[in-house]
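Counting from 81, one number per residue, gives the positions in the sequence shown under this note's numbering. The beta-carbon is built from N, C-alpha and C at its ideal position, and this holds for glycine as well. Heads up: the structure comes next, in structure tokens.
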Amino acid sequence: MADDRRIKIFDTTLRDGEQSPGASMNQAEKIEVARALAALGVDIIEAGFPIASPGDFEAVRAIASEISGVSICGLARCNDRDIDRAWEALQFAQHPRIHVFLATSAIHREHKLKMTTGQVVERAVASVKRAKSYCADVEFSPEDAARTEIDFLCEVVEAAIAAGATTVNIPDTVGYATPTGYAKVIRTLFERVPNIGNAVVSTHCHDDLGMAVANSLAACEVGARQVECTINGIGERAGNAALEEIVMALKTRYDFYGLTTNIKTERLYPISRMVSTITGMKVQRNKAIVGQNAFAHEAGIHQDGMLKERSTYEIMRPEEVGVPKTDLVLGKHSGRHALRDRVTELGYHLDDEQLETLFNDFKSLADKKKEVYDEDLAVLIEKHSQDVTPHWKLISLHTTAGTGVIPTATICIRRPDGVIVKDAAIGDGPVDAIFKAVERVTGITANLREFGVRGVTAGKDAQGEVSLELEVESDDRTFRGRAASTDIIEASAEAYINAVNAILTRRERDQPREVIGRPGAGA
Ligand code: KIV
Ligand code: ZN
């Protein structure tokens with residue numbers, strides 16, 4: 081019998097999270113995250129939106145085929161093409177789920193869909209039935225539910241359940257709800273929808289007013305039993321409810337909520353790091369649960385209290401969420417065994433060949449810096465999951481810069497056909513000069529949309545990670561490049577070349593992305 085005090089965790093990092101600007105992941109990265117989510121103990125992984133692009137489709141299909149022991153879900157709008165495509169991607173999953181959505185609020189009906197309430201109900205019912213013809217586990221979301229007239233919301237939810245929906249998700253698509261107001265919507269559904277007991281009621285809250293977690297928890301208090309959330313709260317606009325915050329609130333305040341999850345909380349911190357490294361989206365220092373300061377006690381009076389009795393100022397133990405006591409890992413004498421252990425603890429899954437490559441990279445890094453930290457390893461691992469063909473490869477570079485000199489860069493690059501070419505350029509600074517030299521050699525012109533450098537760890541010998549975004553007008557999209565080195569000038573060159581390689585890989589694959597409405601993106 082189902083435990084009615086257990087909250088199912090539905091993770092949408094790979095769908096709602098991934099669709100937010102700057103968070104896109106390639107297929108290898110998505111599989112890595114999906115594996116870590118399964119190990120974390122989530123109940124459902126929303127792996128993507130298969131109709132959105134061939135890349136999304138392939139990623140959902142790969143995750144459905146490779147990851148077991150957890151439900152794999154694919155998103156679809158309420159139309160036959162989307163639903164058929166979602167099933168095509170999901171069919172090999174051990175536990176597939178199709179998630180269909182259709183907007184129900186007056187604003188969306190009138191301005192976006194141009195449909196009457198009757199038409200919306202009819203379309204929702206037909207779509208749930210079509211999804212149901214493929215698999216037993218079907219979720220229905222009335223998009224913008226939190227702003228939908230309550231009578232109509234009850235009507236559409238009842239109809240979706242009658243058509244076979246096993247989960248009804250109530251999205252606060254635009255992050256407009258308040259905890260009391262959202263809980264009232266959920267309570268009303270329990271009071272007024274006669275067949276509500278035949279489905280799990282789910283929350284899906286966006287964080288535009290900073291209330292996504294509070295809203296989700298308020299809904300759990302009145303009977304919701306699934307929470308849709310993302311690692312680090314990434315997602316459309318201000319993001320989704322943060323998984324780690326939901327889970328730790330339920331765990332730490334079990335006395336209040338009396339609800340449980342299946343999450344192995346000691347895996348929260350490693351997966352937060354993994355998602356942050358892969359997407360390049362930094363976790364703010366003071367972020368609850370996984371921020372760098374979340375367990376740091378600075379004030380003297382607090383430190384004094386902590387030394388006397390931890391519970392004076394600590395409501396959770398850092399170990400509970402997997403914050404390492406010290407993340408100093410390895411040095412130049414460490415062997416393959418120690419490396420493999422550490423990599424597994426960080427939540428990565430590498431085969432022997434990948435481990436060997438990592439070991440070589442690790443040894444070169446350990447030669448340059450004495451202490452190799454977890455973050456250093458994560459960056460080295462991610463280096464190899466950039467799913468691009470290495471068309472161009474940096475062989476060497478030389479820059480001159482300083483006060484009163486014209487910044488100049490000379491680069492030596494291997495062309496895709498193996499020929500080594502050299503060129504030089506001047507620029508506003510050494511990095512600009514390198515980018516211009518790469519542009520001259522490769523013939524690829526692009527606008528630099530974003531450029532950022534972060535220290536991977538503390539210390540003067542720390543690696544600097546450069547992430548940048550190039551915009552190519554003719555391709556009408558942006559391409560990311562990332563690289564790390566103890567020399568940030570070299571990292572900048574590598575990152576730029578990686579982005580150029582991403583452009584070429586894209587052109588090679590020649591898969592134009594279908595421009596479709598994204599939920600919650602004003603579509
Ligand atoms: O925010 C939203 O409404 C969504 C739905 C597809 C659930 O992401
Ligand atoms: Zn959403």
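Item: Expressed to the nearest angstrom, what Euclidean distance is found between the alpha-carbon atoms of Arg95 and Arg141?; Value: 14 Å
Item: Below 8 Å CB to CB, which residues in the same chain sit around Pro592 once its five sequence neighbours on both sides are set aside?; Value: Because the pLDDT at Pro592 is just 48, under 50, the model does not fix this residue reliably, and the point stays unresolved.
Item: Can you list, in chain order, the residues of its chain with a C-beta nearer than 7 Å to that of Arg495? Leave out the 5 residues immediately preceding and following it.; Value: Trp472, Val501
Item: Would DSSP call Ala183 helix, strand or coil?; Value: strand
Item: Going by C-alpha to C-alpha distance, which of Ala127, Arg333, Arg305, Ala368 sits closest to Ala322?; Value: Ala368
Item: What is the C-beta distance between Ile395 and Ser352, in whole angstroms, given that I count them as a contact (C-beta under 8 Å)?; Value: Not really, about 18 Å apart at Cβ, beyond 8 Å.
Item: For Pro510, which three-state DSSP category applies?; Value: helix
Item: Just grab the DSSP bridge partners of Leu548 for me.; Value: Phe531, Gly561
Item: Excluding the five sequence neighbours on either side, which residues of its own chain have a C-beta within less than 7 Å of the C-beta of Lys344, listed in chain order?; Value: Leu120, Gly121
Item: Hey, could you find the ends of the alpha helix (DSSP H) Asn440 is sitting in?; Value: 432-448
Item: Measuring straight from C-alpha to C-alpha, what distance separates Leu548 and Lys388?; Value: 47 Å
Item: Should Thr253 be counted as a contact of the ligand ZN given a C-beta to heavy atom distance under 7 Å?; Value: yes
Item: Could you check what DSSP says for Ala376 in three-state terms: helix, strand or coil?; Value: coil
Item: Helix, strand or coil for Asn295 per DSSP?; Value: helix
Item: Give the secondary structure of Gln536 by DSSP, where H, G and I count as helix, E and B as strand, and everything else as coil.; Value: What sits at residue 536 in the sequence shown is Val, not Gln. Residue state, collapsed to three classes: coil.
Item: Determine whether the beta carbon atoms of Val552 and Ile514 lie at a separation below 8 Å.; Value: no
Item: Does the region 418-425 come close enough to the region 453-465 that 3 or more CB-CB pairs lie under 8 Å?; Value: yes
Item: Where in the region 329-401 do unbroken runs of the alpha helix (DSSP H), each at least 4 residues long, occur, reported from the N-terminal end onward?; Value: 334-337, 348-359, 380-388
Item: I'd like the span of the beta strand (DSSP E) that includes Phe220, first residue to last.; Value: 218-223
Item: Measure the Cβ-Cβ separation of Arg266 and Arg227 and say whether it is below 8 Å.; Value: The residue you asked about is not Arg; residue 266 is Ile in the sequence shown. No, the Cβ-Cβ distance between Ile266 and Arg227 is not below 8 Å.
Item: Using 8 Å as the Cβ pair cut-off and three pairs as the minimum, do the region 161-174 and the region 213-221 touch?; Value: yes
Item: Would you mind working out which of Ile143, Glu138, Phe375 sits nearest Val113, comparing C-alpha positions?; Value: Ile143
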